[in-house]
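J.: If you scroll down you'll find the structure; I have some questions about it.
Number of protein chains: 2
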Amino acid sequence: MTDSSTHQHDPAAGDAARPDGERFHAIDPRDGSRLEGAFDEATRDEIRAAGDRAGAAAPSVAAVPTARRAEFLRAIARHIEANGDAIVRRADRETALGLPRLQGELARTTGQLRMFAALLDDGSFVGARIDTALPDRRPLPRPDLRRTTVPIGPVAVFGASNFPLAFSVAGGDTASALAAGCPVVVKAHPAHPGTSQLVADAILAAAHETGMPDGTFALLQGRTHETGGELVAHPAICAVGFTGSFGGGTALMRVAAARERPIPVFAEMGSTNPVFVLPGAARERGEAIADALAASVTQGVGQFCTNPGLVIALDDAATDGWTARLAERAASGGGAMLTSGILSAYRDGVTARSTTPGVRVIAVADAGTGATAQPAVHEVDAEAFLGDTALHDELFGPATLVVRCADVAELQRVAAHMPGSLTATLHLALGEERDADLELARELLPALVARAGRVLVDGVPTGVEVAPAMHHGGPWPASSDARATSVGTAAIERFLRPVCFQDVPAALLPEALRDHNPLGIWRLVDGTWTDGGIEPRVAGAEPADDS
Amino acid sequence: MTDSSTHQHDPAAGDAARPDGERFHAIDPRDGSRLEGAFDEATRDEIRAAGDRAGAAAPSVAAVPTARRAEFLRAIARHIEANGDAIVRRADRETALGLPRLQGELARTTGQLRMFAALLDDGSFVGARIDTALPDRRPLPRPDLRRTTVPIGPVAVFGASNFPLAFSVAGGDTASALAAGCPVVVKAHPAHPGTSQLVADAILAAAHETGMPDGTFALLQGRTHETGGELVAHPAICAVGFTGSFGGGTALMRVAAARERPIPVFAEMGSTNPVFVLPGAARERGEAIADALAASVTQGVGQFCTNPGLVIALDDAATDGWTARLAERAASGGGAMLTSGILSAYRDGVTARSTTPGVRVIAVADAGTGATAQPAVHEVDAEAFLGDTALHDELFGPATLVVRCADVAELQRVAAHMPGSLTATLHLALGEERDADLELARELLPALVARAGRVLVDGVPTGVEVAPAMHHGGPWPASSDARATSVGTAAIERFLRPVCFQDVPAALLPEALRDHNPLGIWRLVDGTWTDGGIEPRVAGAEPADDS
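One line per chain: the protein sequences are A and B, in this order. Under my numbering, the first residue of the first sequence carries the number 7, and numbering increases by one thereafter. Under my numbering, the first residue of the second sequence carries the number 7, and numbering increases by one thereafter.
Below you can see the structure in the form of structure tokens.
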């Protein structure tokens, strides 16, 4: 059984039990009105209790066989789907992202859960390695060494404002941590507490249905930084998953580093996602690129970590053409942003950019008033861009900045001065100018690879595929640990740590490490990958697979 | 060409160039005398210059083909061997570890370098993953996704006092970082500056011979914490490898976390390495276990991270027998310790332990005086042990503490209260009491796996095999990141970060990701491991392997 440490406010309970708690409501971003339902800021006692329960549950959760963990993840997906209409409706009212987008995001969320379930069924994710004994080696025999991975322990997950489903309560961080065998305590994003509660209910129902241990999952509600900070500071927490702002991510990193036992924080903090439109591509199909960029910049009112915030091109007639088209197409992409705070930060950012020396406004409508954000397209010459690092920072929302380069050398200089980013994109000519663009791309590529977690060609960075080969992370400030991904199957690796078993009798070995490979998983055996079994050990007093 | 930013003092240079530098000498631990050769504490300017050069070199080093990186590592091994006698002699004078041990450690060091060279030749270490395009997928096509790994950037490596070769200038951290394609700046341990310089000379000669870029490697000498701290704070440094004390490791972690761009610190900080002698094993072969433990506790005057600092057993007649034997056998294992500081910390620790209420001295000779450390064996009842966490801390040196448990339940309680450790060991009966010991081991195992990076049976934790399945790391406080190993091929993973290539034309793809798998490496293709090629992409305007 899994406890539910959060709930909508029960007036009968009184406030004596939560002396430092406060109540808050969700706000409809479309009109600023209060939505129904009150939520209680988690008290210190509740945070402590959630952490304690997760810590106490960790050994039992780690011991749950992977087949049942997979069943749990699939049950979460089913329970989310069973209440899908209500979840999507509430999410739309709390985020204004629109039903079609949220229906898609719900499918992505359940798809992620099932992907991790399939990863568990496959079993190879443990990264098993076996070096068989060399009893005759000189000067010393080599012992039998077998390495697998185990759960790292309870994980604190922070819901993201911009993905109320796929990067929130049952999003990729939670799915990968539960798949790894870690208890999870989610701190809900305060912009969508109702959605969070509905999804948490689905997780709790699934945990009940599949007999997961008490303490496997808990949800904490809260609007204050203190609530999140106290969760990260809880001694039982072993790792943190976060998607959100640079300020939020770095604040949690500071808390994690100041603990008596510091813990890793996997924070994906967004980025500028530079797009390079190479000269041939601009001439060949500048308008098509502009259309794709406009759609990408304004999708979800620009509220994506992979929003293309910088477009770099030569200062030529082709760029004149596609930038005009981009400005025209982007203009209609306004809408309500997730929160009033995000909206006002966006407006301040647009105003600051519009008044930055050297920056020219190409499209920005009515940024200062009204309930909805308007897209903004600016341009700047590369020299001014390189001289003002404030222009290198992310402006969260439907904005992009075109950087015009006098020549190819300047384009390379801009590429070499980009901050770390989740993605970098190249547009290349497909027709007769392809060779020239390919040659330039080859020269730019090392700088892009050095600064981005994903490099893409002839596409847009928004729309992150959930797949084994995806990497969603990038060098600072895009993420706190460029080695970690928060999307795709490799996300599970954040929450696993290796353990080596040396000369351990078969009777005590995890199944993943047994000679005859009962799980049928891929293992690195004496330096070679194989999904077969191995010959029983030469040394050893008992049958290798005796239990 | 690689620069040498360190050198023995050149009197002609004067001190004007190093206003904040100081000169120091190595000390012979056997008699406290000053060894020949003076070393200059790196100045701020030198630290800054070394970091700057490493940063500038990073793109060129990353671009060096893996075959040449392998050649570089093998050349380092050759140059170390060519000067092996001088290196080992100097190391013995600086560390008092003795020629046989140091000859073995030199062989281990060159073996590690060649192991990483072989890993580069094999090529599969990049962890390539390919998800081929699904152009017909609905609602959206799947792009072509290909993931490989790239070097993380310049790495700062801190030499360890207790392994002047294998965990120092050309040790596992340096070998794995160079193998990953990262420039390395080593901060030499001040206890063996001469050894460090000789090994650095070998690395520089190898870099020259194999044409590695300027800035690939640099050595900094220094005795002060500031020197190491400034290196970690240098903006170009992207990761830190450290083996040493808890105090040293946590100090570097604080510096790394306080940077404008925090970086990972992979610190292996030692541990108590509990050994559980199960009841049947104690009765069956307590004396043999005692002999093995005595040798392990006193090996290298107890100066191993994996020294068995705690031995847990039942409080019975069998334990009376083997503890007496352990005390007798350990008594002869004294010797000079690495430094006077380590010796005095050891003596203080032994004195504190001897005077701790409930702790009984079984063997401790003359801990307070003389130039050499004497082994110390203490015992304590489990109840007193559980009540005094100071007894759970590592005592670096030839000491061990026997914890006597009233019954099996108490033994389990001790197992569940151990701090994080590099290793945990179980001794099991081999004969007629095997089943009972196996049953108890099965109950203890989850607690040990939760607290150790390596679990071994019927062996001693000292003697860490260098192999793919080794894991040398463990939960806090054993190491800063339980997911990382500093020994074995997986050590390279600390210094690699993934990059995903989306819809990137074959002409721009790294070789590791080309369709026909020109490197012949193991790759995860559409969820299956294979070392073969893949069919050319369905979509795509050009031949898949056109360059």
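All C-beta atoms in this analysis are idealised placements derived from N, C-alpha and C, irrespective of residue type, glycine included.
1. Between the C-alpha atoms of residue 483 of chain B and residue 411 of chain A, what's the straight-line distance to the nearest angstrom?
2. What does the alpha-carbon distance come out to for the pair residue 45 of chain B and residue 198 of chain B?
3. Rounding to the nearest angstrom, what Cα-Cα distance links residue 181 of chain A and residue 310 of chain A in this structure?
4. Leaving out five residues on either side along the sequence, give the residues of the same chain with a beta carbon under 6 Å from the beta carbon of residue 163 of chain B.
5. Using a Cβ-Cβ distance under 8 Å, would residue 438 of chain A count as near chain B?
6. Residues of chain A with CB under 9 Å from residue 144 of chain B, in chain order?
7. Is there a C-beta anywhere in chain A that falls below 8 Å from the one on residue 241 of chain B?
8. Counting pairs of Cβ atoms below 8 Å between the segment 309-326 of chain A and the segment 393-411 of chain A, do you hit three or more?
9. Just tell me which of B:120, B:366, B:434 and B:68 has its CA closest to the CA of residue 516 of chain B.
10. Going by C-alpha distance, which of A:475, A:337, A:281 and A:185 is nearest residue 431 of chain A?
11. Which same chain residues end up closer than 8 Å to residue 428 of chain B when comparing Cβ atoms and leaving out the 5 residues on each side of it in sequence?
12. With burial defined as no fewer than 16 other Cβ atoms inside 10 Å of the residue's Cβ, what is the status of residue 25 of chain A: buried or exposed?
13. Can you name, in chain order, every residue of its own chain whose Cβ lies under 7 Å from the Cβ of residue 540 of chain A, other than the five neighbours on each side?
14. How big is the Cα-Cα spacing for residue 421 of chain B and residue 454 of chain B?
15. Going by the CB atoms, is the gap between residue 63 of chain B and residue 219 of chain B shorter than 8 Å?
16. Taking the alpha helix (DSSP H) that residue 385 of chain A belongs to, which residues open and close that run?
17. Does residue 148 of chain B come within less than 8 Å of chain A when only Cβ atoms are used?
18. Can you find the residues in the same chain that come closer than 7 Å, C-beta to C-beta, to residue 326 of chain A, ignoring five residues on each side of it along the sequence?
19. Cα separation between residue 50 of chain A and residue 434 of chain A?
20. For residue 225 of chain B, which residues does DSSP report across the bridge?
21. Below 8 Å on C-beta distance, what does residue 433 of chain B contact in chain E?
22. Would you say residue 285 of chain A faces chain B, with C-beta separation under 8 Å as the test?
23. Helix, strand or coil for residue 31 of chain A, going by three-state DSSP, please let me know.
24. Quick check on residue 52 of chain A: buried or exposed, where buried means 16 or more other Cβ atoms within 10 Å of its Cβ?
25. Using 10 angstroms around the beta-carbon of residue 534 of chain B, count the other beta-carbons present and answer buried if the total reaches 16, otherwise exposed.
26. So with CB distances below 9 Å, who are the chain A contacts of residue 398 of chain B?
27. I think residue 122 of chain A touches residue 185 of chain A, with their Cβ atoms under 8 Å apart; what is that distance to the nearest whole Å?
28. Unbroken beta strand (DSSP E) runs of length 3 or more, entirely within the segment 328-407 of chain A: which are they?
29. Could you check the C-alpha separation between residue 503 of chain A and residue 393 of chain A for me, to the nearest Å?
30. Can you give me the Cβ contacts of residue 508 of chain B inside the same chain, cut-off strictly under 6 Å, excluding the 5 residues immediately before and after it?
31. Go through its chain and collect everything with a Cβ distance to residue 28 of chain B's Cβ below 7 Å, but skip five positions before and after it.
32. With residue 274 of chain A as the anchor, note down where its beta strand (DSSP E) starts and where it stops.
33. Could you tell me the distance, in whole angstroms, from the CA atom of residue 269 of chain B to the CA atom of residue 235 of chain B?
34. Indicate whether residue 205 of chain B and residue 174 of chain B have their beta-carbon atoms separated by less than 8 Å.
35. Could you tell me if residue 42 of chain A is buried or exposed, where buried requires 16 or more neighbouring beta carbons within 10 angstroms of its beta carbon?
36. Starting from residue 507 of chain B, find everything on chain A with Cβ-Cβ shorter than 7 Å and list it in chain order.
T.: Taking the definition as stated:
1. 51 Å
2. 10 Å
3. 20 Å
4. 179, 180, 190, 192 and 247
5. no
6. Those within 9 Å of residue 144 of chain B in chain A number zero; the least Cβ separation is about 12 Å.
7. no
8. yes
9. B:68
10. A:281
11. 274, 276, 277, 279, 311, 312, 458, 459, 460, 467, 478, 479, 480, 484 and 485
12. Its pLDDT being 47, under 50, residue 25 of chain A is placed unreliably in this model, and the value from its coordinates should be taken loosely. Its Cβ having fewer than 16 others within 10 Å, residue 25 of chain A is exposed.
13. 136, 138, 521 and 531
14. 7 Å
15. yes
16. Looking at the DSSP string, residue 385 of chain A is not in any alpha helix (DSSP H); the run it does join, the beta strand (DSSP E), is 382-387.
17. yes
18. none
19. 55 Å
20. B:192
21. The chain inventory of the structure shown lacks chain E, comprising the protein chains A and B.
22. no
23. strand
24. buried
25. exposed
26. Simply none; closest approach about 14 Å.
27. 4 Å
28. 365-370 and 382-387
29. 43 Å
30. 149 and 151
31. 47
32. 271-274
33. 13 Å
34. yes
35. exposed
36. 461
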